[in-house]
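Read through the structure below, which is laid out as structure tokens, and then see the notes.
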Amino acid sequence: MEADRSIMRETTRDFVKYYNPKLHGEVRLDTNTNVLGSNPAAAEYLRTHTWDLNGYPDTYSGELRNALGELYGLDPSNIIAGNGSDEMLDVIFKTFMNWGDDAAVPFPSYSLYDYFVKSNGGSAKMVDLTDDFQLDVDALVRTKAKITIVPSPNNPTGNCFRARDLEDLVSRFDGIVVIDEAYAEYAGDGYIGKVEEFDNLIVCRTFSKAYAMAALRVGYMASNPKLSEMMMCVKIPYSLNAVSEGAAVAAVRDRDFIRRSVDLVTEQRPKLADGLRKLGFEPFPSDSNFILARSPIDHKVLVDGLRERGVLIRDFGAKRRTENCVRPTVGTPELNALLLDKAAEVIDGCR
Numbered sequence: 000m001e002a003d004r005s006i007m008r009e010t011t012r013d014f015v016k017y018y019n020p021k022l023h024g025e026v027r028l029d030t031n032t033n034v035l036g037s038n039p040a041a042a043e044y045l046r047t048h049t050w051d052l053n054g055y056p057d058t059y060s061g062e063l064r065n066a067l068g069e070l071y072g073l074d075p076s077n078i079i080a081g082n083g084s085d086e087m088l089d090v091i092f093k094t095f096m097n098w099g100d101d102a103a104v105p106f107p108s109y110s111l112y113d114y115f116v117k118s119n120g121g122s123a124k125m126v127d128l129t130d131d132f133q134l135d136v137d138a139l140v141r142t143k144a145k146i147t148i149v150p151s152p153n154n155p156t157g158n159c160f161r162a163r164d165l166e167d168l169v170s171r172f173d174g175i176v177v178i179d180e181a182y183a184e185y186a187g188d189g190y191i192g193k194v195e196e197f198d199n200l201i202v203c204r205t206f207s208k209a210y211a212m213a214a215l216r217v218g219y220m221a222s223n224p225k226l227s228e229m230m231m232c233v234k235i236p237y238s239l240n241a242v243s244e245g246a247a248v249a250a251v252r253d254r255d256f257i258r259r260s261v262d263l264v265t266e267q268r269p270k271l272a273d274g275l276r277k278l279g280f281e282p283f284p285s286d287s288n289f290i291l292a293r294s295p296i297d298h299k300v301l302v303d304g305l306r307e308r309g310v311l312i313r314d315f316g317a318k319r320r321t322e323n324c325v326r327p328t329v330g331t332p333e334l335n336a337l338l339l340d341k342a343a344e345v346i347d348g349c350r
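Number 99 in numbering that gives the first Met the number 0 belongs to position 100 of the sequence shown; there are no gaps in the numbering.
This is the structure in structure tokens:
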């Protein structure tokens, strides 16, 4: 047998590896993680606890589901927890997508949605956002897809979708509606507390962003109990390890860290936008902990120049709808000043 791509599942043959930069000590403003550093409650839990490494974790992460249910006023039966919100997305498509089904995906949005759709045998129907990066609800409904997935705040554009549009979509879409709220802590309440109001709504969240626990890979989702029961039967048992679950429970109970994290972004986001604007960037409105901005010089020259100066940001400039755009994470005052100073050096060198 010749090992070429013809032996792959046909829906995955065009896949490429995910963003994976080679690191040499650069300041990372490319991943939208929490610039305050590791979650202190989780770190303390890891420092003070030991585990029976020979025993399995709780099959379905009951302690974490209880803590999240208490936080959002939901029953634990509404909630599924697992190995990052990426596992949650995979479980959704494994549960509800048959071979050849369509999924409606807004564009631009999170690049891995297409991956999860295709890896589960489906076809992604890309539906352009409006000129102001809002949902085209009519177009999403017209796809007649089995599933639609919308991130709010949206990645990479940073903005929330209008509440009336999200409710209109959930009400009118004849299929499963997934709202990915990976950055919702920075934007308000979101829809996670409303899952009992709809028969077709699933909301995903993560501990990788505001909770500052990306290394531990913890994610969760909520829906009405009928949907969650179906997905729980499909999800791999034991997929969330005991160490990560315990740290996540500790983090849920430390609301002060989340408040400080959100306050920092709320204060620094407009300041970073102003600084970028003064350098000639065109920043787009953001409700998250990152800003999408059109570069005043070639996007690749900017990103490569920043890398040479020890700063990483994400490059979206070669993609449709985000032409010549880059996406830096909102940092502390010191990190933002570093980014702006190094960006000014790169820009000045092009003049």
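Where a beta carbon is used, it is the ideal one built from N, C-alpha and C, also for glycine. Quick caveat: nothing in here was measured; it's all calculated off a predicted structure.
- Task: Provide the residue span of the beta strand (DSSP E) that contains Met125, from first to last.
- Result: Looking up residue 125 in the sequence shown gives position 126. Start and end: Ser122 to Asp127.
- Task: Tell me whether Ser151 sits in a helix, a strand or coil according to DSSP, three-state version.
- Result: On the sequence shown, position 152 is the one that residue 151 refers to. In the structure shown, Ser151 sits in coil (DSSP, three-state: anything other than H, G, I, E or B).
- Query: Does the distance from the C-beta atom of Leu128 to that of Pro152 stay below 7 angstroms?
  - Reply: As a working note, residue 128 is residue 129 in the sequence shown. As a working note, residue 152 is residue 153 in the sequence shown. Not a contact, by the Cβ cut-off of 7 angstroms.
- Task: Please name the residue in Arg319, Thr328, Leu311 and Leu338 whose C-alpha comes closest to that of Pro20.
- Result: As a first step, residue 20 is located in the sequence shown; it is residue number 21 there, counting from the start. The shortest Cα separation from Pro20 among Arg319, Thr328, Leu311 and Leu338 belongs to Leu311.
- Which stretch, first to last residue, makes up the beta strand (DSSP E) that contains Pro105? Along the sequence shown, one-based indexing puts residue 105 at 106. It spans Asp101 to Phe106 - the beta strand (DSSP E) in which Pro105 sits, taken as one unbroken run.
- Item | DSSP beta-bridge partners of Ser60 | Position 61 of the sequence shown holds residue 60. DSSP output for Ser60 lists no bridge partner at all.
- Message: Helix, strand or coil, according to DSSP, for Val90 in the structure here?
- Response: Here residue 90 refers to the residue found at position 91 of the sequence shown. In the structure shown, Val90 sits in a helix (DSSP, three-state: H, G or I).
- Start and end residues, alpha helix (DSSP H) containing Val233: For the purposes of this step, residue 233 is taken as the residue at position 234 of the sequence shown. It spans Pro224 to Val233 - the alpha helix (DSSP H) in which Val233 sits, taken as one unbroken run.
- Query: First and last residue of the alpha helix (DSSP H) that includes Ala250?
  - Reply: Numbered from 1 along the sequence shown, position 251 holds the residue referred to as residue 250. Segment Ala241 to Val251, the alpha helix (DSSP H) holding Ala250.
- Query: Any chance the CB of Leu239 is under 6 angstroms from a heavy atom of the ligand ADP?
  - Reply: No copy of the ligand ADP appears in this structure; indeed no ligand is present at all.
- Task: Might you give, ordered along the chain, the residues of its own chain that have their beta carbon closer than 8 angstroms to the beta carbon of Pro284, omitting 5 neighbours on each side?
- Result: Counting from one through the sequence shown, the residue named residue 284 turns up at place 285. Closer than 8 angstroms at Cβ, skipping near neighbours: Gly157 and Asn158.
- Query: What span of residues does the beta strand (DSSP E) with Ser113 cover, start to end?
  - Reply: Locating residue 113 in the sequence shown gives position 114, counting from the first residue. The question names Ser, but residue 113 in the sequence shown is Asp. Not the beta strand (DSSP E): Asp113 falls in the alpha helix (DSSP H), residues Leu111 to Ser118.
- Have a look at Ala138, Gly348, Pro75 and Thr58 and flag the residue whose alpha-carbon is nearest the alpha-carbon of Ala103. Residue 103 sits at position 104 when you count from the first residue of the sequence shown. It is Ala138.
- In chain order, each alpha helix (DSSP H) run of at least 4 residues that lies wholly inside the stretch 266 to 343: 298 to 307
- State the DSSP-derived secondary structure class of Leu205, mapped to helix, strand or coil. Within the sequence shown, the letter at position 206 stands for residue 205. In the sequence under discussion, the amino acid at residue 205 is Thr, which differs from the Leu named in the question. Strand.
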